[in-house]
Each structure stands twice: as structure tokens, then as C-alpha cells.
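In my numbering, the protein residues as written are 3 to 296. For every residue, glycine included, the Cβ atom is placed at its ideal position computed from N, Cα and C. Structure record follows, encoded as C-alpha cells.
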């Protein structure tokens with residue numbers, strides 16, 4: 003049995019993007035639809051707001067200081083309100099840059115996927131997965147995503163994973179760590195149970211952990227795409243996860259309170275909005291940092 007604790011309750015509309023910083027031993031996470039970025043300290047249990055601005059879908063730590071933020075209006079390099087700059091603002095080739103999940107690649111570039119939620123259920127146009135390089139170049143990695151979501155690299159850097167809960171799938175791209183080229187996607191995992199694969203992390207053994215939106219928990223998937231473990235969390239809309247703690251064995255899970263698509267959810271169900279911690283016997287791995295200069 004795993005110990006599951008609620009460690010912070012911000013009533014986050016869409017809690018997302020947990021990111022462990024090993025240097026400071028702090029966990030960062032976001033509430034997309036309130037524009038807040040939080041700093042959680044497991045030592046004293048404090049959860050403080052460090053950013054409150056334009057909506058942030060995802061973010062990465064930046065090696066030259068601050069964070070690279072995938073916002074709803076482009077990519078912003080941010081350390082404070084006095085120290086920030088736009089890497090790419092507004093649109094790219096006529097498409098609005100409204101980002102959901104994001105991740106730093108091993109070469110210091112920034113991967114960020116767009117999504118366009120409609121006022122009703124579903125999405126009003128397809129999104130793309132973009133890659134922003136420190137030299138200013140921009141690449142479109144893939145297209146036709148209903149909701150570009152969780153991403154992760156295998157420990158040996160042979161694969162890049164990318165989820166889309168609107169399709170109920172996680173795809174796998176070959177990755178070349180010498181050329182840093184991300185290859186064409188191949189079908190890898192299709193979710194057959196309730197909910198869809200949302201944010202993710204990859205552990206030190208190369209297994210993918212995916213938070214299941216609408217599925218009240220996280221699943222562990224082996225390298226062949228088979229579910230080998232599920233850990234239940236007391237929140238219907240579990241949204242993302244990442245390992246943290248001094249030994250990288252604590253799995254932090256975000257959740258969302260947004261009342262979207264609740265037609266089949268029993269009345270009184272706790273949707274989410276809290277940050278959870280699961281004590282495990284598994285070991286995670288740290289994420290990479292972007293390499294943008296101010």
C-alpha cells in the first residue's frame with residue numbers, strides 16, 4: 003500500500019506541471035486558469051504563490067536563472083516582474099500560441115504544445131507541438147493534437163513521450179541525443195479505462211507515470227506500453243505528476259477543480275484542486291533545464 007497525502011490545497015482550477023528542483027529541494031506547480039505559479043516546501047509544508055500573471059500552461063527551470071513559461075500568449079522567460087523577456091510572443095505563422103503542457107529538452111530547447119478549449123465540451127481546433135531553441139529558431143514537431151499534454155524523455159534519451167487525453171493516447175518518438183532530432187511519432191499506449199492520460203513523468207527505470215484526468219489516480223506503464231500499477235488518488239481530475247524529495251521517491255500529483263465535462267460524474271465527487279504526495283518505493287529522475295539568456 004502506498005501512503006497518499008494531501009499536502010497543499012489551493013483550490014486550483016487546473017493544477018498542473020509539478021516540477022522538482024533538486025538544488026533548492028522545492029516543488030513548483032501551476033494553476034493554469036488563475037495564472038498562478040506556486041512554490042511548495044516539503045520541509046515546512048508552506049505553499050507560496052511566486053507568480054501571478056498571464057495564464058501558464060507549463061514551465062521549465064532555466065539554467066541562466068528563472069523559469070521558461072509556456073503561457074497563453076507565447077513563451078516568456080521570467081525570474082521576477084523586473085527581470086523577464088518574451089522569447090516568442092503572440093502568434094507563430096498565424097497561429098495563436100496558447101500553451102498547455104511544456105518540458106525542457108536535453109539540449110536546452112523548450113517543447114510546448116498548444117490547445118484551444120472551446121466553451122463547450124471538446125476543443126475548437128487542433129493544436130501543435132512546438133520546439134523553441136535558444137538561438138531563436140522555432141520548429142513544429144507534430145500537429146493535429148486535440149490537447150497536447152504530458153511529455154517526458156526516457157533515461158537513456160532514446161525516446162520522447164507525448165500524451166493527448168482527447169484521443170486517450172500516448173505516443174513515442176525516437177530521440178537522437180547526438181543530433182537532438184525528435185523523430186516521427188509511433189503509437190505506444192491507448193487508455194481503455196475511464197479518463198484519459200494527462201501529465202506525465204518518466205522514472206529512473208524508464209517507466210512512464212501518467213496522471214489520468216477523470217480517472218482518480220496515476221498509472222505506471224512499462225516500456226512495452228502495458229499498465230503495471232495504478233495508485234488511486236482522492237481527486238477525480240488528477241492532472242500531472244513528478245517525483246521529488248531528497249531520494250526522488252515521493253510522487254507529487256496535481257489535480258483540478260474545474261467543473262468541465264461532468265456529465266457522468268456522481269454528485270458530491272471531489273474533483274480536485276489540491277497537491278498530493280505519494281510515498282513510493284520507486285525512484286524518479288530530474289527534468290532538464292532550458293538554456294535561454296535574459
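Nearest candidate by alpha-carbon position, reference residue i, set the options
i           : options               : result
residue 229 : 246, 237 and 211      : 211
residue 273 : 243, 250, 215 and 247 : 215
residue 170 : 156, 194 and 185      : 194
residue 168 : 176, 67, 180 and 150  : 150
residue 289 : 79, 97 and 61         : 61
residue 86  : 97, 75, 98 and 67     : 67
residue 227 : 252, 103 and 165      : 165
residue 182 : 247, 31 and 134       : 134
residue 89  : 131, 46, 98 and 137   : 137
residue 45  : 247, 156, 260 and 261 : 247
residue 223 : 292, 160, 119 and 174 : 174
residue 43  : 63, 65, 10 and 75     : 10
residue 259 : 75, 238, 244 and 242  : 238
Backbone CA spacing between residue i and residue j [nearest angstrom]
i           : j           : result
residue 25  : residue 266 : 43 Å
residue 190 : residue 162 : 11 Å
residue 240 : residue 233 : 11 Å
residue 143 : residue 117 : 15 Å
residue 95  : residue 107 : 23 Å
residue 5   : residue 221 : 15 Å
residue 18  : residue 28  : 16 Å
residue 153 : residue 225 : 15 Å
residue 179 : residue 158 : 9 Å
residue 113 : residue 286 : 20 Å
residue 370 : residue 128 : Here the chain has residues from 3 to 296 only, and residue 370 is not among them.
residue 278 : residue 109 : 31 Å
residue 54  : residue 35  : 11 Å
residue 123 : residue 268 : Here the model assigns residue 123 a pLDDT of 44, short of 50, so the residue's position is not dependable and the matter cannot be decided.
residue 250 : residue 84  : 33 Å
residue 283 : residue 3   : 10 Å
residue 21  : residue 30  : 5 Å
residue 231 : residue 187 : 25 Å
residue 8   : residue 104 : 25 Å
residue 102 : residue 115 : 6 Å
residue 252 : residue 281 : 5 Å
residue 121 : residue 261 : Bear in mind that the predicted position of residue 121 carries a pLDDT of just 47, short of 50, making it too unreliable to give a figure here.
residue 140 : residue 270 : 45 Å
residue 209 : residue 218 : 20 Å
residue 207 : residue 295 : 33 Å
residue 131 : residue 111 : 13 Å
residue 98  : residue 77  : 11 Å
residue 79  : residue 23  : 17 Å
residue 16  : residue 176 : 30 Å
residue 100 : residue 155 : 23 Å
residue 145 : residue 184 : 14 Å
Beta-bridge pairing of residue i - partner residues as DSSP gives them
i           : result
residue 34  : Paired residues: none, contrary to the question.
residue 131 : 115 and 144
residue 203 : 211
residue 252 : 246 and 281
residue 176 : 161
residue 40  : 31 and 51
residue 155 : 162
residue 189 : 173
residue 21  : 30
residue 11  : 276
residue 217 : Partner(s): none; residue 217 has no beta bridge.
residue 239 : 215
residue 231 : 222
residue 6   : 280
residue 198 : 215
Cutoff 8 Å: residue i Cβ touching any chain C Cβ
i           : result
residue 285 : Annotation note: the requested chain C is absent from the structure, which comprises a single protein chain.
Integer Cβ distance of residue i from residue j, believed to fall under 8 Å
i           : j           : result
residue 59  : residue 70  : Actually they are not in contact, since the Cβ atoms of residue 59 and residue 70 sit about 12 Å apart, beyond 8 Å.
residue 275 : residue 14  : 5 Å
residue 12  : residue 33  : 6 Å
residue 205 : residue 213 : With 8 Å as the limit, residue 205 and residue 213 do not qualify as a contact, their Cβ atoms being about 14 Å apart.
residue 56  : residue 37  : 6 Å
residue 75  : residue 92  : 6 Å
Report task. Entirely within the segment 56 to 107 and at least 3 residues each: give me those beta strand (DSSP E) ranges in chain order. Result -> Fully enclosed beta strand (DSSP E) runs of 3 or longer: 58 to 63, 69 to 73, 76 to 82, 85 to 91 and 101 to 106.
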